[in-house]
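K.L.:
Quick note, the sequences are listed as chains Z and S, same order. For what it's worth, the working numbering labels the leading residue of the first sequence as 329, then goes sequentially. For what it's worth, the working numbering labels the leading residue of the second sequence as 1471, then goes sequentially. Glycine is no exception: its CB is placed at the ideal position from the N, C-alpha and C atoms. Sharing a structure, written as structure tokens. Questions coming.
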Amino acid sequence: MSLLSCEQVRDLAEGFVLGALDPVQVHDVRDHLASCTNPHPEMDELGGVVPYLAESIEPVEPPVELQGRIMAAIDAELRAGRRADAAADRLISSLGAGSVARVAPAAAVPAQPASATATGPSGAPINLAAQRARRSPLGWLAAVAAVIVIVALGAWNLSLSGQLSTAQQQQAAVDKVLAIAQEPGGQAAVLEAGAAGGPAGLAAVAPDGSFALAMHGLAATSGNQVYEAWVIAPSGSPLAIGSFAVGSDGNGALTAGSVAAPAAPGLTIGLTREAHSGVTAPTLPMVVSGISGQGS
Amino acid sequence: MSEPVARVTGRVNSAADDADRAVLEAIAGGDHGAIAVLYERYKTMAYGLALRITADPGLADDVVQEAFVGAWRNAGRYSTERGSVKTWLLAIVHHRAIDAIRRRRPTSELPEHEEAPPPSMTLPDVWSEVAGRLDRDEILVALASLSAVQREALELGYFSGLTQQEIAVRTNAPLGTVKSRMRLGLLQMRRVMLGASPGGGEPA
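Take a look at the structure:
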């Protein structure tokens, strides 16, 4: 539901297209335009001119070294992406999904529906090869997410309707992680155990403090036992995010709304197993952990 | 004003736009070196814009770096509906630069995190064909056709990082007057630019 009327949006149009509104106004106008069914020709009419204000500026030669800095920054992101890919590969292997849904290397993407397509909980095929081939920064994340859902499915026979809802819950948990990862400035991490075949999952944190986590393969908790999620900034102490119990299906999910950690690359996100909820320091070792990278 | 626009939108895109799109597709397809081509093509415009907004060479370096890394990261999301590649790229530079100076201001109202893409980035650039043929001199002629207060309002609105409310205080003018100057200034520029474009004033 838009907070602004069409008339109010028209009144803000020149400020909006110039970028001269405060962030709350920008958000409200954007919300309105996203949902309004009425035409807003004023946005085109006024906004079409704005790019040429940028072109009115006299070009200036930048420092020679700037190009090197840019290429180095891109290289650094690529290396981080490759590390994430490698983590995804290890994850896929450790979960034993290789035989059903092995992700094809990005370089070799001929359509191989039989070997590279799995079926998601809704029955829709998930083509992992295609997801991975599109090597956007988010590509690896989508691929891992699909694998986690698929592996969760593989653990049960989906023809039993009672288990379909479990799979759908897992899909919903993974979707939440992806949504947060895709927010501007969102960070995502693949959470793995040290040994192959252990629990694995995904977590994401956004600059607004929203956090989500989806896990598979966790040992069931009993009594007051919980898994506690932690976010650790590179120079900070562990921040407790929240806790959850795990049943016999091994799935776990957690969402939180106000994580006070900087949403910058290099956050450690991990899980510990605790005797009860409410602990303020993690009981090591971590069950799974991962380092965050750019999610969007 | 709607008629001239309707006439220009259907034209074929310029060769330069096609070449830019090809570069962006290459980047999106994994040719990471292609960002150097884009950089070479637009580095002086990008740096000039960043420097104009930040008035700080060090900060302008950071802004241009962030903008090109951002363009590399988001090349796959570019759509022609967002205007030419040049428009898209300069909108990223503008957004990053405004963000940088607003963060630097002690009374910044910005939230800690990065905002969504700038308004101009999400708007269709209905003029790409007209303005693709407009050189900087013609854009300056359009700017020069504005009254001094209109030009000031547009420049403060686009380059200063101030909000309309802050501009009203800065220029000691009522908010309604500032808004009106901006609106009339944009419309006047549009009129002059359409007139300056070859064919822009001809019947369909």
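#1: Pull out every residue of the stretch 1487 to 1501 of chain S whose Cβ sits closer than 7 Å to any Cβ of chain Z, in chain order.
#2: Can you give me the C-alpha to C-alpha distance between Z/F344 and S/T1633, rounded to a whole angstrom?
#3: Does the beta-carbon of S/L1656 have 16 or more other beta-carbons within 10 angstroms, so that it is buried, or is it exposed?
#4: Given 8 Å as the limit, is there contact between the stretch 1642 to 1650 of chain S and the stretch 401 to 410 of chain Z, that is, 3 or more CB pairs closer than that?
#5: Between the stretch 384 to 405 of chain Z and chain S, which residues of the former have a C-beta closer than 9 Å to a C-beta of the latter?
#6: For Z/P465, which three-state DSSP category applies?
#7: Using a Cβ cut-off of 7 Å (strictly closer), state whether S/L1645 contacts chain Z.
#8: Verify whether the separation of the beta carbon atoms of Z/L546 and Z/G570 is less than 7 Å.
#9: Suppose the cutoff is 7 Å on Cβ atoms and the five residues either side in sequence are ignored; what does the same chain contact list for Z/M614 look like?
#10: Measuring CA to CA, which of S/A1486, S/S1554, S/M1663 and S/R1573 is closest to S/S1630?
#11: Let me confirm a value: S/E1551 is counted as buried when at least 16 other C-beta atoms fall within 10 Å, else exposed. Which label applies?
#12: Among residues of its own chain, excluding the 5 on either side of S/A1731, which ones have a beta-carbon nearer than 6 Å to its beta-carbon?
#13: Below 8 Å, can you find three or more Cβ-Cβ pairs linking the stretch 553 to 564 of chain Z to the stretch 353 to 373 of chain Z?
#14: For S/R1653, tell me which candidate among S/E1608, S/D1605 and S/S1617 has the shortest Cα-Cα distance.
#15: Buried or exposed: which applies to Z/E386, given that a residue is buried once 16 or more other Cβ atoms fall within 10 Å of its Cβ?
#16: Using CA coordinates, which residue listed in Z/S550, Z/D339 and Z/I398 is at the minimum distance from Z/A603?
#17: Quick one, which residues of the stretch 1632 to 1660 of chain S are near chain C if we go by CB-CB under 8 Å, in chain order?
#18: Any beta-carbon of chain S closer than 7 Å to the one on Z/G347?
#19: How would you call Z/S565, buried or exposed, if buried means at least 16 neighbouring beta carbons within 10 angstroms?
#20: Decide if Z/S384 is buried, meaning its Cβ has at least 16 other Cβ atoms within 10 Å, or exposed.
#21: Taking the alpha-carbon positions, what's the Z/A509 to Z/S620 distance?
#22: Between the C-alpha atoms of Z/G618 and Z/A408, what's the straight-line distance to the nearest angstrom?
#23: Report the residue ranges of all beta strand (DSSP E) runs contained in full by the stretch 1505 to 1541 of chain S; include only those spanning at least 3 residues, in chain order.
#24: Have a look at Z/P351 and Z/R358 and give me their C-alpha separation to the nearest angstrom.
#25: For S/D1526, which of S/A1561, S/V1639 and S/I1571 has the nearest alpha-carbon?
#26: Between which residues of its own chain and Z/A588 is the CB-CB distance below 8 Å, once the five residues before and five after are set aside?
#27: Use the C-beta contact count for S/V1639: other C-beta atoms within 10 angstroms, 16 or more gives buried, fewer gives exposed.
#28: Can you tell me where the beta strand (DSSP E) holding Z/Y555 begins and where it ends?
#29: Would Z/P613 pass as an interface residue toward chain S - the criterion being a Cβ-Cβ separation below 7 Å?
#30: 7 Å is my cut-off, CB to CB: does Z/D356 come that close to chain S?
#31: Measure the beta-carbon distance from S/K1513 to Z/P593 and round it to whole angstroms, keeping in mind my assumption that it falls under 8 Å.
#32: Which first and last residues belong to the alpha helix (DSSP H) in which Z/S363 is found?
#33: Rounded to the nearest angstrom, what separates Z/L381 and Z/A540 at their Cα positions?
#34: Run through DSSP, which three-state label would Z/V337 get?
#35: Have a look at S/A1518 and Z/G575 and give me their C-alpha separation to the nearest angstrom.
#36: Comparing alpha-carbon positions, which option in Z/G606, Z/E370, Z/A500 and Z/A528 lies nearest Z/L346?
P.N.:
In this structure, then:
#1: Against chain Z - using a Cβ distance shorter than 7 Å - the residues of the stretch 1487 to 1501 of chain S are G1500.
#2: For the purposes of this step, residue 344 of chain Z is identified with residue 16 of the first sequence, where counting begins at 1. For the purposes of this step, residue 1633 of chain S is identified with residue 163 of the second sequence, where counting begins at 1. Taking the straight line joining both Cα atoms gives about 10 Å.
#3: The residue you call residue 1656 of chain S lines up with position 186 of the second sequence. S/L1656 comes out buried.
#4: With fewer than three CB-CB distances shorter than 8 Å, the stretch 1642 to 1650 of chain S does not count as touching the stretch 401 to 410 of chain Z.
#5: S384, I385, E386, P387, V388, E389, P390, P391, E393, L394, Q395, R397, I398, M399, A401, I402, D403 and E405
#6: Counted from its first residue, the first sequence places residue 465 of chain Z at position 137. With a pLDDT of 47 at Z/P465, under the threshold of 50, the predicted position of this residue should be treated as unreliable, and no value is reported.
#7: Indexing the second sequence from 1 puts residue 1645 of chain S at position 175. No, its Cβ sits nowhere closer than 7 Å to a Cβ of chain Z.
#8: Within the first sequence, numbered from 1, the residue matching residue 546 of chain Z stands at position 218. Within the first sequence, numbered from 1, the residue matching residue 570 of chain Z stands at position 242. No, they are not a contact pair.
#9: Residue 614 of chain Z sits at position 286 when you count from the first residue of the first sequence. The residues are G598, L599 and T600.
#10: Locating residue 1630 of chain S in the second sequence gives position 160, counting from the first residue. Checked all of S/A1486, S/S1554, S/M1663 and S/R1573; the closest Cα to S/S1630 is S/R1573.
#11: Locating residue 1551 of chain S in the second sequence gives position 81, where the first residue counts as 1. It counts as exposed.
#12: Because chain S here runs from 1471 to 1674, residue 1731 of chain S falls outside it and cannot be looked at.
#13: Result no; under three Cβ-Cβ pairs closer than 8 Å.
#14: Taking the second sequence and counting its residues from 1, the one referred to as residue 1653 of chain S is at position 183. It is S/S1617.
#15: By 1-based counting over the first sequence, the position of residue 386 of chain Z is 58. Residue environment: Z/E386 is assigned as exposed (fewer than 16 neighbouring CB atoms within 10 Å of its CB, all protein chains considered).
#16: Taking the first residue of the first sequence as 1, we reach residue 603 of chain Z at position 275. When only C-alpha atoms are compared, the closest one is Z/S550.
#17: The chain inventory of the structure shown lacks chain C, comprising the protein chains Z and S.
#18: In the first sequence, counting from the first residue as 1, residue 347 of chain Z sits at position 19. Output row for Z/G347: interface = yes.
#19: Here residue 565 of chain Z is taken as the residue at index 237 of the first sequence, counted from 1. Z/S565 should be labelled exposed.
#20: Counting from one through the first sequence, the residue named residue 384 of chain Z turns up at place 56. Around the CB of Z/S384, 16 or more other CB atoms lie within 10 Å, so the residue is classed as buried.
#21: On the first sequence, position 181 is the one that residue 509 of chain Z refers to. On the first sequence, position 292 is the one that residue 620 of chain Z refers to. Counting only the Cα atoms, Z/S620 lies some 10 Å from Z/A509.
#22: By 1-based counting over the first sequence, the position of residue 618 of chain Z is 290. By 1-based counting over the first sequence, the position of residue 408 of chain Z is 80. Straight-line Cα distance between these residues: approximately 13 Å.
#23: none
#24: The residue you call residue 351 of chain Z lines up with position 23 of the first sequence. The residue you call residue 358 of chain Z lines up with position 30 of the first sequence. Distance between the alpha carbons of Z/P351 and Z/R358 is about 10 Å.
#25: To locate residue 1526 of chain S, count along the second sequence from 1; it is residue 56. Nearest Cα to S/D1526 within the set S/A1561, S/V1639 and S/I1571: S/I1571.
#26: Translated into positions along the first sequence, residue 588 of chain Z becomes position 260. If we look at Z/A588 and ignore the five residues flanking it on each side, its Cβ neighbours are G537 and L567.
#27: For the purposes of this step, residue 1639 of chain S is taken as the residue at position 169 of the second sequence. Its Cβ having fewer than 16 others within 10 Å, S/V1639 is exposed.
#28: Mapped onto the first sequence, residue 555 of chain Z falls at position 227. That run of the beta strand (DSSP E) goes V554 to I560.
#29: Locating residue 613 of chain Z in the first sequence gives position 285, where the first residue counts as 1. No, its Cβ sits nowhere closer than 7 Å to a Cβ of chain S.
#30: For the purposes of this step, residue 356 of chain Z is taken as residue 28 along the first sequence, with counting starting at 1. No - not a single Cβ of chain S is within 7 Å of the one on Z/D356.
#31: Locating residue 1513 of chain S in the second sequence gives position 43, where the first residue counts as 1. Locating residue 593 of chain Z in the first sequence gives position 265, where the first residue counts as 1. At roughly 26 Å, the Cβ-Cβ gap does not stay under 8 Å, so S/K1513 and Z/P593 are not in contact.
#32: In the first sequence, counting from the first residue as 1, residue 363 of chain Z sits at position 35. Element bounds for Z/S363: P351 to S363.
#33: Here residue 381 of chain Z corresponds to residue number 53 of the first sequence, with the count starting at 1. Here residue 540 of chain Z corresponds to residue number 212 of the first sequence, with the count starting at 1. Near 41 Å, if we compare the C-alpha coordinates of Z/A540 and Z/L381.
#34: On the first sequence, residue 337 of chain Z is found 9 positions in, with the first residue counted as 1. Z/V337: helix per DSSP, three-state reduction.
#35: Taking the second sequence and counting its residues from 1, one reaches residue 1518 of chain S at position 48. Taking the first sequence and counting its residues from 1, one reaches residue 575 of chain Z at position 247. Per the sequence shown, residue 1518 of chain S should be read as Gly rather than Ala. Rounded to whole angstroms, S/G1518 to Z/G575 spans 59 Å at the Cα level.
#36: Position 18 of the first sequence, counting from 1, holds the residue named residue 346 of chain Z. Looking at the Cα atoms, Z/E370 is the closest of the given residues.
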